[in-house]
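Residue numbers (our numbering), protein chains in the order written: chain D, 31 to 208; chain L, 206 to 414. C-beta atoms are modelled at their ideal positions from N, C-alpha and C, and glycine is treated no differently. First up is the structure itself, then whatever we jot down about it.
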Amino acid sequence: MMQFKKLFIIVLLIATAPVNADWQQPELSHNLTPVKNITPASDFELSDMDDVKIKLSDYRGKVVLLNFWATWCPPCIREMPSMERLHQQVNAEDFKVIAINQMEDADQVFAFTGQLEIDPTFDILFDSTSKVSQDYAVRGLPTTYLIDKQGNIRYRAVGGRVFDHPKVIEIINGLIKE
Amino acid sequence: MLSVQRYTIRFHIIHMKKYINLTFNTLFFIISLLAINTTAAAAKVSIHKNEMSGLLTWTSEDEGFSIELIQLLPDFIRAIYGKHDFPDEEIERAASYCMFGTILKNTSNQQLSYRVANWRYRTKDGKEHPVKTKSEWLEEWKKVGILFSWTLLPDEGEFSVGDWQQGFTTINLPRESEFDLVYKWELDGVQYSGVLNNIRCAPESLTGI
Numbered sequence: 031m032m033q034f035k036k037l038f039i040i041v042l043l044i045a046t047a048p049v050n051a052d053w054q055q056p057e058l059s060h061n062l063t064p065v066k067n068i069t070p071a072s073d074f075e076l077s078d079m080d081d082v083k084i085k086l087s088d089y090r091g092k093v094v095l096l097n098f099w100a101t102w103c104p105p106c107i108r109e110m111p112s113m114e115r116l117h118q119q120v121n122a123e124d125f126k127v128i129a130i131n132q133m134e135d136a137d138q139v140f141a142f143t144g145q146l147e148i149d150p151t152f153d154i155l156f157d158s159t160s161k162v163s164q165d166y167a168v169r170g171l172p173t174t175y176l177i178d179k180q181g182n183i184r185y186r187a188v189g190g191r192v193f194d195h196p197k198v199i200e201i202i203n204g205l206i207k208e
Numbered sequence: 206m207l208s209v210q211r212y213t214i215r216f217h218i219i220h221m222k223k224y225i226n227l228t229f230n231t232l233f234f235i236i237s238l239l240a241i242n243t244t245a246a247a248a249k250v251s252i253h254k255n256e257m258s259g260l261l262t263w264t265s266e267d268e269g270f271s272i273e274l275i276q277l278l279p280d281f282i283r284a285i286y287g288k289h290d291f292p293d294e295e296i297e298r299a300a301s302y303c304m305f306g307t308i309l310k311n312t313s314n315q316q317l318s319y320r321v322a323n324w325r326y327r328t329k330d331g332k333e334h335p336v337k338t339k340s341e342w343l344e345e346w347k348k349v350g351i352l353f354s355w356t357l358l359p360d361e362g363e364f365s366v367g368d369w370q371q372g373f374t375t376i377n378l379p380r381e382s383e384f385d386l387v388y389k390w391e392l393d394g395v396q397y398s399g400v401l402n403n404i405r406c407a408p409e410s411l412t413g414i
């Protein structure tokens with residue numbers, strides 16, 4: 031019965047997706063807003079797809095793009111390939127992309143990433159209770175922060191973006207050089 | 206004689222300046238009034254019909270703020286909350302609301318903010334009603350053990366340049382009801398308001414269109 035219900039929901043979502051395709055209208059910009067009051071990024075420990083625990087502080091000394099997302103969020107889906115391209119373009123020794131999924135599980139995300147035009151190779155972590163998103167005062171998805179090598183929040187973006195835009199790469203390179 | 210002429214010229218210049226100033230001030234006042242009127246009338250509202258489904262989308266852009274309301278089918282709402290294991294009665298309660306996918310954008314180059322608590326929907330009897338906020342929903346969901354806190358339009362937003370947000374707006378009206386949405390936003394400390402007239406709730410299903 032439970033299996034049938036899940037199957038029904040998936041069929042329903044697929045069936046209603048095209049009629050709700052208007053959700054995907056807004057153009058994605060590349061604006062990142064400098065944070066006026068620079069504050070330390072709150073540390074966290076979350077599991078990745080392989081259930082390995084990862085802490086934000088593990089990446090101290092690197093610039094981190096921290097993205098909050100979910101599979102049901104259309105702009106999150108749209109910006110994800112650009113996050114992967116960014117991840118591949120910037121030297122991994124200096125830069126890290128972390129995508130924190132909200133209240134979904136590894137099976138749901140695995141099924142979702144299989145449908146993306148580029149398979150994400152960056153860290154996907156699971157914030158199953160949304161505790162971390164609350165610590166970062168995330169009101170809506172997607173929301174993204176750019177954290178400097180000292181662990182301070184320096185830039186913010188609310189809503190989808192094109193992350194491999196030259197202007198974004200220029201900002202990241204600037205933070206790497208600091 | 207020369208000094209009298211100079212005085213007369215100065216007198217005329219001073220009066221001309223006063224006159225020019227007065228005229229300029231009057232003109233400025235008239236232009237300002239026109240500008241205010243233009244601002245009120247400048248909101249570009251467009252209605253788009255999805256060719257496949259017949260569902261409607263209303264978009265309005267004015268004073269650095271863009272709002273888009275997209276009709277959502279109850280089945281879409283059922284699917285979204287069913288996916289997150291909501292109890293059946295809560296799924297149905299959510300689906301019984303008139304819901305819209307809502308996209309808010311800061312199209313200005315200034316700081317923008319909004320608060321859903323300041324928004325109203327006006328029914329055909331002329332009465333204004335508060336729009337149910339995300340916090341109100343979360344409080345109700347918490348009582349029945351639902352911790353899922355996403356999909357609904359955040360209660361408030363602080364948008365920098367290029368920021369935008371989306372989520373569901375919930376109106377407590379039956380299917381296919383019509384209403385006006387009165388919404389407000391603040392741009393660099395100045396409050397603005399806009400109205401989207403004759404918004405229509407989605408039907409129960411596509412066959413109703």
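What residues are listed by DSSP as bridge partners for residue i?
{"i": "residue 270 (chain L)", "result": "L:267 and L:311"}
{"i": "residue 288 (chain L)", "result": "In DSSP, residue 288 (chain L) forms no bridge with anything."}
{"i": "residue 201 (chain D)", "result": "DSSP output for residue 201 (chain D) lists no bridge partner at all."}
{"i": "residue 187 (chain D)", "result": "D:174"}
{"i": "residue 369 (chain L)", "result": "L:310"}
{"i": "residue 398 (chain L)", "result": "L:389"}
{"i": "residue 318 (chain L)", "result": "L:363 and L:391"}
{"i": "residue 326 (chain L)", "result": "L:334 and L:386"}
{"i": "residue 276 (chain L)", "result": "L:305"}
{"i": "residue 253 (chain L)", "result": "L:262"}
{"i": "residue 404 (chain L)", "result": "L:384"}
{"i": "residue 374 (chain L)", "result": "L:305"}
{"i": "residue 138 (chain D)", "result": "Answer is none; residue 138 (chain D) lacks a bridge partner."}
Using a beta-carbon distance below 8 Å, is residue i in contact with chain L?
{"i": "residue 169 (chain D)", "result": "yes"}
{"i": "residue 22 (chain D)", "result": "No answer is possible for residue 22 (chain D): it lies beyond the span of chain D, which begins at 31 and ends at 208."}
{"i": "residue 121 (chain D)", "result": "no"}
{"i": "residue 132 (chain D)", "result": "yes"}
{"i": "residue 200 (chain D)", "result": "no"}
{"i": "residue 52 (chain D)", "result": "Legend: pLDDT at residue 52 (chain D) = 48, less than 50; position of this residue unreliable, no value from coordinates given."}
{"i": "residue 59 (chain D)", "result": "yes"}
{"i": "residue 143 (chain D)", "result": "no"}
{"i": "residue 136 (chain D)", "result": "no"}
{"i": "residue 105 (chain D)", "result": "yes"}
{"i": "residue 262 (chain D)", "result": "Chain D is shown from 31 up to 208; residue 262 (chain D) falls before or after that span and cannot be answered."}
{"i": "residue 100 (chain D)", "result": "yes"}
{"i": "residue 63 (chain D)", "result": "yes"}
{"i": "residue 31 (chain D)", "result": "Because the pLDDT of residue 31 (chain D) is 48, which lies under 50, any placement of that residue in the model is unreliable, and the number read from its coordinates should be weighed accordingly. Taking Cβ atoms only, chain L never reaches closer than 8 Å to residue 31 (chain D), which makes this a no."}
{"i": "residue 197 (chain D)", "result": "no"}
Residues in the same chain with beta-carbon distance under 6 Å from residue i, minus the five sequence neighbours each way, listed in chain order, please.
{"i": "residue 75 (chain D)", "result": "83 and 85"}
{"i": "residue 376 (chain L)", "result": "303 and 326"}
{"i": "residue 79 (chain D)", "result": "136 and 154"}
{"i": "residue 370 (chain L)", "result": "309 and 362"}
{"i": "residue 251 (chain L)", "result": "264"}
{"i": "residue 87 (chain D)", "result": "73"}
{"i": "residue 360 (chain L)", "result": "321, 338, 339 and 340"}
{"i": "residue 283 (chain L)", "result": "296 and 300"}
Give every residue of the same chain whose Cβ lies closer than 7 Å to the Cβ of residue i, excluding the five residues on either side of it in the sequence, and list them in chain order.
{"i": "residue 151 (chain D)", "result": "114 and 117"}
{"i": "residue 354 (chain L)", "result": "343"}
{"i": "residue 120 (chain D)", "result": "199 and 202"}
{"i": "residue 381 (chain L)", "result": "405, 406 and 408"}
Using a Cβ-Cβ distance cut-off of 8 Å, determine whether residue i contacts chain D.
{"i": "residue 368 (chain L)", "result": "yes"}
{"i": "residue 352 (chain L)", "result": "yes"}
{"i": "residue 335 (chain L)", "result": "no"}
{"i": "residue 359 (chain L)", "result": "yes"}
{"i": "residue 270 (chain L)", "result": "no"}
{"i": "residue 232 (chain L)", "result": "In this predicted model, residue 232 (chain L) has a pLDDT of only 42, less than 50, meaning its place in the structure is not dependable; the value taken from the coordinates is given anyway. Taking Cβ atoms only, chain D never reaches closer than 8 Å to residue 232 (chain L), which makes this a no."}
{"i": "residue 305 (chain L)", "result": "no"}
{"i": "residue 394 (chain L)", "result": "no"}
{"i": "residue 362 (chain L)", "result": "yes"}
{"i": "residue 331 (chain L)", "result": "no"}
{"i": "residue 413 (chain L)", "result": "Note on residue 413 (chain L): pLDDT 45, under 50, position unreliable in the model; the coordinate value appears next. Output row for residue 413 (chain L): interface = no."}
{"i": "residue 252 (chain L)", "result": "no"}
{"i": "residue 315 (chain L)", "result": "no"}
For residue i, which residues from the same chain have a beta carbon less than 8 Å from its beta carbon, with the 5 sequence-adjacent residues on both sides left out?
{"i": "residue 333 (chain L)", "result": "325, 326, 327 and 387"}
{"i": "residue 178 (chain D)", "result": "93, 184, 205 and 208"}
{"i": "residue 391 (chain L)", "result": "317, 318, 319 and 397"}
{"i": "residue 211 (chain D)", "result": "Residue 211 (chain D) is absent from the model: chain D starts at 31 and stops at 208."}
{"i": "residue 100 (chain D)", "result": "106, 131, 132, 133, 134 and 171"}
{"i": "residue 270 (chain L)", "result": "309, 310, 311, 312, 313, 317, 319, 390, 392, 397 and 399"}
Three or more C-beta pairs below 8 Å linking the segment 331-351 of chain L and the segment 398-413 of chain L: no
Every unbroken alpha helix (DSSP H) within the segment 52-130 of chain D, with a cutoff of 4 residues, ordered by chain: 104-119
Three or more C-beta pairs below 8 Å linking the segment 59-71 of chain D and the segment 171-190 of chain D: yes
contact_flag[the segment 377-384 of chain L, the segment 294-311 of chain L] where n(CB pairs < 8 Å) is 3 or more: yes
Touching by the beta-carbon criterion (3+ pairs, under 8 Å), the segment 193-204 of chain D and the segment 160-173 of chain D: no
Alpha helix (DSSP H) runs contained entirely in the segment 328-361 of chain L, provided each spans 4 or more residues: 339-348
Length-filtered (3 minimum) beta strand (DSSP E) runs lying within the segment 146-172 of chain D: 153-157
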